[in-house]
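Colleague: Take a look at this one; I'll ask things after.
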Amino acid sequence: MASSTTPQLQHSTPEGIIKKCTTYANLLTEAAIADENKLKAAQEISENFETIVQSSSYPAFLEHAIPKFLLFLREGEPQFVAESTVQQIRKLLLEILHRIPTNEHLRAHFKSILSLMFHLLEIENEENVLVCLRIIIELHKQFRPPLQAEIQHFLQYVKTIYKELPVNVKQHFEVVSISATGFLPTESQGNNLPGASSQGNTPVGTPAASPMSSGDGGGGKTGQQTTIPKAISSLKVLAELPIIVVLMYQLYKQNVYTVVADFIPLVMNTIVLQPSLNARKSPTFNKEVYVDFVAAQIKTLSFLAYIIRIYQEMVNTYSQNMVGGLLGLLRYCPQEVAHLRKELLIAARHILATDLRNRFVPHIDQLFDEEVLIGTGWTTKESLRPLAYSTLADLVHHVRTHLPLPHLSLAVSMFSKNVHDDSLPVSIQTMSCKLLLNLVECIRQKSDEQGSGREILMRMLEVFVRKFQSIAKHHIPAIFKKCQQAADNSSSSSASASSTNSTTAQANTTTTTTTTSTTLSSTTSTTTSTMSSVGASLSTVGNGTSTTGGGLSTAGSTSSSSSETTTQSDQDTTTKKPLLHTSSAAISNTFSVPDCRSMVKTLVCGVKTITWGAGSCKVPGGNKPFLPLETQLFTRLLKYALQALDIYQVSVTANGQYFLRPPSSQQVRMKEEKEILEHFAGVFTMMNTSTFKEVFSSSIEYLVERIHTNYALQIIPNSFLANPNTSATFATILVKFLLERLDEMGTNMDRSNLYLKLFKLVFGSVSLFASENEQMLKPHLHEIVNRSMDLACTSKEPYNYFLLLRALFRSIGGGSHDLLYQEFLPLLPNLLQGLNNLQSGVHRQYMKDLFVELCLTVPVRLSSLLPYLPMLMDPLVSALNGSQTLVSQGLRTLELCVDNLQPDFLYDHIQPVRAELFQALWKTLRNPNDNIAHVAFRVLGKFGGGNRRMLKEPQKLTFNEADTLGPCLAIYYPESVNPVTVSVGPVIERALAFLKTLPPNVSVLPQQSSINLDHTIFYRKQAWIVIKSYLVRKNLE
1 MASSTTPQLQ
11 HSTPEGIIKK
21 CTTYANLLTE
31 AAIADENKLK
41 AAQEISENFE
51 TIVQSSSYPA
61 FLEHAIPKFL
71 LFLREGEPQF
81 VAESTVQQIR
91 KLLLEILHRI
101 PTNEHLRAHF
111 KSILSLMFHL
121 LEIENEENVL
131 VCLRIIIELH
141 KQFRPPLQAE
151 IQHFLQYVKT
161 IYKELPVNVK
171 QHFEVVSISA
181 TGFLPTESQG
191 NNLPGASSQG
201 NTPVGTPAAS
211 PMSSGDGGGG
221 KTGQQTTIPK
231 AISSLKVLAE
241 LPIIVVLMYQ
251 LYKQNVYTVV
261 ADFIPLVMNT
271 IVLQPSLNAR
281 KSPTFNKEVY
291 VDFVAAQIKT
301 LSFLAYIIRI
311 YQEMVNTYSQ
321 NMVGGLLGLL
331 RYCPQEVAHL
341 RKELLIAARH
351 ILATDLRNRF
361 VPHIDQLFDE
371 EVLIGTGWTT
381 KESLRPLAYS
391 TLADLVHHVR
401 THLPLPHLSL
411 AVSMFSKNVH
421 DDSLPVSIQT
431 MSCKLLLNLV
441 ECIRQKSDEQ
451 GSGREILMRM
461 LEVFVRKFQS
471 IAKHHIPAIF
481 KKCQQAADNS
491 SSSSASASST
501 NSTTAQANTT
511 TTTTTTSTTL
521 SSTTSTTTST
531 MSSVGASLST
541 VGNGTSTTGG
551 GLSTAGSTSS
561 SSSETTTQSD
571 QDTTTKKPLL
581 HTSSAAISNT
591 FSVPDCRSMV
601 KTLVCGVKTI
611 TWGAGSCKVP
621 GGNKPFLPLE
631 TQLFTRLLKY
641 ALQALDIYQV
651 SVTANGQYFL
661 RPPSSQQVRM
671 KEEKEILEHF
681 AGVFTMMNTS
691 TFKEVFSSSI
701 EYLVERIHTN
711 YALQIIPNSF
721 LANPNTSATF
731 ATILVKFLLE
741 RLDEMGTNMD
751 RSNLYLKLFK
761 LVFGSVSLFA
771 SENEQMLKPH
781 LHEIVNRSMD
791 LACTSKEPYN
801 YFLLLRALFR
811 SIGGGSHDLL
821 YQEFLPLLPN
831 LLQGLNNLQS
841 GVHRQYMKDL
851 FVELCLTVPV
861 RLSSLLPYLP
871 MLMDPLVSAL
881 NGSQTLVSQG
891 LRTLELCVDN
901 LQPDFLYDHI
911 QPVRAELFQA
921 LWKTLRNPND
931 NIAHVAFRVL
941 GKFGGGNRRM
951 LKEPQKLTFN
961 EADTLGPCLA
971 IYYPESVNPV
981 TVSVGPVIER
991 ALAFLKTLPP
1001 NVSVLPQQSS
1011 INLDHTIFYR
1021 KQAWIVIKSY
1031 LVRKNLE
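In this text, residue positions in the sequence shown follow full-length UniProt numbering: the first is 1, and each later residue adds one.
Rendered as structure tokens:
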């Protein structure tokens, strides 16, 4: 047997493989078999293990093989040379045990396996123990065994490793305890750990004193032999132990609560250890061992982060060590090992989510140093900045009330840069804006008498304005271009095959870009939700990890509601970018519509809060208005924010396609858009009057231009006019601007509707704030009326000027604006005369209706109208014979006269139109609108017997001079012998009259008149057909 070789299993059946592997398992425990053959047998079992697991004889194989494996491992001696054949066998057998599926077939054997694994932990080498630890974790997660004495012994064993760590690590380098501020002590202070020695290596082949780490850094090489350190002094093993301790706590909370509590002092002493300055300068300083040492510390800190809520009072006792250790790890973590810093930041996020965060307040200025927080490594800067900034933002948000003004200024400086860093995800940029927003109140409260707080806030406002500028100049045009490309692609979908292929390629490019943006934007949420290795390894073991994860998630969501400000070097920040940010331009082009809207919304809320804070900050001499330079900043804010708000012009179709809303569209807007616009208007309504006037006196033309481009922005002037603090001031500025452009309303139809809308807003504000706005409108009343009448007589399209007068009359005609009525009296004679002449002339019907309405709604008291009452009679009759609106207006006017004037006086004035007036009243009784009919009946009743005098008037008969009916239509009915003749003369006359009437103004009719434009065009076409057919028939005869 000693010289036999192991046969190959390449072409055997599964049952044959099982039989052969069973034989190989027997070879492992036979002393006469050479180690090389045992190794080959173990290798054959390992290579065919997948086949064995799928075989029906698999349970029988386990029954036979596992005891053999365990016997070999228990009776054999641990080896510490990697090239040793026995070492290779032992490691291979442990790996086979780890590969065994943790199902019911293994249940009968797991206790014996666990017992051996706990035994091997204390005697085996590093490589084998790492496999043992994985086996222990898997078996406990799957089978959850009851508490054994071995577990208590294991926990004590882990304690021993932590206690002996300061001594064991001296084999590699001198270590010292870091200061409470996170710095290494100077060389003159020496080492506070007794017996410290310089870095050195132990001789190869001495297992009990073997180095702490594997490989070149943890062991030596003599010839072809590599020494493997003993597990009890291995840093790699130490890094894996916290996972199992947490696992034990989850499974046996009640039994190990006190034991786990004993770990806290050991953990605190561990995380403060660092190689001394002398050791770091040594030419023999082993960087690989140091990386393993830091990895063990970070895993230990992750363990502390897991249990910190459970043992918070005890941790608080050692909080000085915790703060110093965490800051030291951030400062001295190897820059090139990015995954370690990531785990460190995740652990820090857990710790900072507790009340112990206040312990970091005295040293928070260190965290504002990016070399400490993120490090100097290229990979860490590229991948970890979102996690680092969100963690720090969460901390600053919760402790902001405890921070002094200098530290608040540091926070403003750091996060202001992040706002403009397009290499960061949009979510981090938005989070930075929110953090700045939340810092405003603290800065305002802690502002000193020198006005430093206000200076910080104004610099913060500069940051927000520049972000608006960036969005307006770069992101908005890019988004609009994509929308235009999408529209072009849709319109060209029916083109040739080559065009279709080109369009598809372009669409795919756009899709790829959007996907890149989505991936980038989700980096933060993915990073911040990633658990440390402790939590990740135990996510399926119990509820403990999910509790920690919940705390992290809460911290992440809270940090989204943060705020910040800028520094003097803000301009340099936007122009001088590090080399690693050269792709920021490409990233900025991928700003998605939702991201852009979220950013604009955050910025709008931010500038309002900053404006309030800056206006109420303490400054020398008390609160003062904004300075000229600050006023210019608000002017720039208005300019760029109005452009950025165009993002809400992008609408979404049912299939998710983006398109641009027409600039003049008055369709229902999103509720969010309306709220944001009102919020933005609030930025300026809280200003003092002088600053507000300065900003809008120079910007009113630009504001109106933007409203013309994006009609939704008219909410902003509407908000100004509806606010008592700004209504009169803004109305004055706007009226002056509109009067300067009054002549354009008769020629430029594109702008006339906008100007008319703005005039209506101004007139409407008079009713809201009568005392202030009457004084505002009074100086301009004569100019509005006189120039409108004059321009109406000379302009190409006079209709808009009469609409302007109607809006004015309606707004101030309620009877409560005596100041304006007195101002209007001198205008009354010429105005009424002019309107009467117009309404009695030949005009389009909707124009005549407008003249009638203007005559009846002149804004003066009835007593002032008495001298001009005859001028109202013809318009009154026309109103009663007009549209429903005019009938209602005419009835109100007539009833007002009947109620307030003496009957004789009234009868004298209505005598010239008495017949037409009463005929119109009687006809109104048959009006389909019941309310109008009721009013007409009431007015007739108020006239008393006078309402029947019209019966004495002769009937109006139409005299026909023709002897015959003229051309007729002969209609034959089967029931009648003689045809029925219908004269077509009236039809021809009516059609001709319809054609002679000028067509309506298409640009204003749909908005200003009740006439249906489609029907008007239809009737003109039908009239032409009738006349053409008649003429053709006459020619044929």
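Ideal Cβ positions, reconstructed from N, Cα and C, are used throughout, including at glycine. Fair warning: this is a prediction, and the values are worked out from it, not measured in the lab.
Is it the case that the region 302 to 318 contacts the region 262 to 278, given that we only count it when at least three CB pairs across the two stretches are under 8 angstroms?
Modeller: Under the three-pair Cβ rule at 8 angstroms, the region 262 to 278 counts as touching the region 302 to 318.
Colleague: Please classify Asp899 as buried or exposed, where buried requires at least 16 neighbouring CB atoms within 10 angstroms.
Modeller: With fewer than 16 Cβ atoms within 10 Å of its Cβ, Asp899 is classed as exposed.
Colleague: Have a look at Thr726 and Arg938 and give me their C-alpha separation to the nearest angstrom.
Modeller: 45 angstroms
Colleague: Find out if the Cβ-Cβ distance for the pair Leu395, Arg341 is shorter than 8 angstroms.
Modeller: Cβ distance not < 8 angstroms, so Leu395 and Arg341 don't count as in contact.
Colleague: Give me the Cα-Cα distance between Leu173 and Asp292, rounded to the nearest whole angstrom.
Modeller: Correcting the residue identity first, residue 173 is Phe in this sequence and not Leu. So the two alpha carbons sit approximately 13 angstroms from each other.
Colleague: Distance check for Gln485 and Ser302, CA to CA, integer angstroms please.
Modeller: 50 angstroms
Colleague: In the DSSP output, what is Leu273 paired with across the bridge?
Modeller: Ser177
Colleague: Considering only residues of the same chain and omitting the five flanking positions on each side of Arg597, which have a CB-CB separation below 6 angstroms?
Modeller: A distance below 6 angstroms between beta-carbons, with the five flanking residues on each side excluded, links Arg597 to the following residues of its chain, in chain order: Ile647.
Colleague: What number of angstroms, rounded off, separates the C-alpha of Tyr973 from the C-alpha of Pro979?
Modeller: Their backbone Cα atoms lie some 7 angstroms apart in a straight line.
Colleague: Any idea if Ala411 is buried or exposed, counting beta-carbon neighbours within 10 angstroms, 16 or more meaning buried?
Modeller: buried
Colleague: When the Cα of Thr181 is compared with those of Leu832, Ser409 and Arg359, which residue comes out closest?
Modeller: Arg359
Colleague: Determine the closest residue to Glu989 out of Ile1027, Asp963 and Val977, with distance taken between C-alpha atoms.
Modeller: Ile1027
Colleague: Alpha carbon to alpha carbon, how far is Ile428 from Arg787?
Modeller: 56 angstroms
Colleague: Counting along the chain, where does the beta strand (DSSP E) carrying Ala970 start and finish?
Modeller: Residue range Cys968 to Ile971 is occupied by the beta strand (DSSP E) that includes Ala970.
Colleague: In the region 84 to 169, which residue ranges form an unbroken alpha helix (DSSP H) of at least 4 residues, counting only runs that do not cross its ends?
Modeller: 85 to 99, 104 to 107, 110 to 121, 126 to 143 and 149 to 168
Colleague: Given this structure, state the Cα-to-Cα distance separating Glu916 from Ala936, to the nearest angstrom.
Modeller: In this structure, the alpha-carbon of Glu916 lies about 15 angstroms from that of Ala936.
Colleague: Once DSSP output is grouped into helix, strand and coil, what is the label at Leu660?
Modeller: It is a strand residue.
Colleague: Would you kindly report the start and end of the unbroken beta strand (DSSP E) that includes Ser878?
Modeller: Annotation for Ser878: no beta strand (DSSP E) segment contains it, though the alpha helix (DSSP H) segment containing it runs Pro870 to Leu880.
Colleague: Can you tell me the Cα-Cα spacing of Asp908 and Ala681, whole angstroms?
Modeller: One C-alpha to the other measures close to 56 angstroms.
Colleague: Enumerate in chain order the residues of its own chain whose CB-to-CB distance from Met599 is below 6 angstroms, with the five nearest sequence positions on each side excluded.
Modeller: Excluding sequence neighbours, Met599 sits near Thr430.
Colleague: Below 8 angstroms on the Cβ atoms is my guess for Phe759 versus Ala722; work out the distance and round it to an integer in Å.
Modeller: Not confirmed; about 16 angstroms, so no contact.
Colleague: Quick one, are the C-beta atoms of Thr226 and Glu382 less than 8 angstroms apart?
Modeller: No; because the gap between Cβ atoms is not below 8 angstroms, this pair is not in contact.
Colleague: Do you know offhand how far Gly882's Cα is from Asp849's?
Modeller: 7 angstroms
Colleague: How many angstroms separate the CA atom of Leu835 from the CA atom of Tyr801?
Modeller: 13 angstroms
Colleague: Can you list, in chain order, the residues of its chain with a C-beta nearer than 6 angstroms to that of Tyr640? Leave out the 5 residues immediately preceding and following it.
Modeller: Phe468, Gln469 and Ala472
Colleague: Determine, for Ser816, whether the minimum Cβ-Cβ distance to residues of chain B falls below 8 angstroms.
Modeller: Annotation note: the requested chain B is absent from the structure, which comprises a single protein chain.
Colleague: Looking at the secondary structure, which residues open and close the beta strand (DSSP E) in which Val982 lies?
Modeller: Val980 to Ser983
Colleague: So is His153 buried or exposed if we call it buried at 16+ other beta carbons inside 10 Å?
Modeller: exposed
Colleague: In whole angstroms, what is the alpha-carbon distance linking Leu633 and His782?
Modeller: 37 angstroms
Colleague: With H, G and I counted as helix, E and B as strand and the rest as coil, what does DSSP make of Gly195?
Modeller: With a pLDDT of only 40 at Gly195, under 50, the local geometry of the prediction cannot be trusted, and no value is derived from it.
Colleague: Within 10 angstroms of the Cβ of Val176, are there 16 or more other Cβ atoms? Answer buried if so, exposed if not.
Modeller: buried
Colleague: Could you pull out every residue in the same chain whose Cβ sits closer than 7 angstroms to the Cβ of Asn1035, ignoring the five residues on either side in sequence?
Modeller: none
Colleague: Taking Cβ to Cβ, would you say Leu876 is nearer than 8 angstroms to Thr857?
Modeller: no
Colleague: Between the region 451 to 464 and the region 476 to 483, can you find at least three pairs of beta-carbon atoms closer than 8 angstroms?
Modeller: no
Colleague: DSSP on Val81, reduced to helix/strand/coil?
Modeller: strand
Colleague: Pairing CB atoms from the region 106 to 126 with CB atoms from the region 53 to 67, are three or more of them under 8 angstroms?
Modeller: yes
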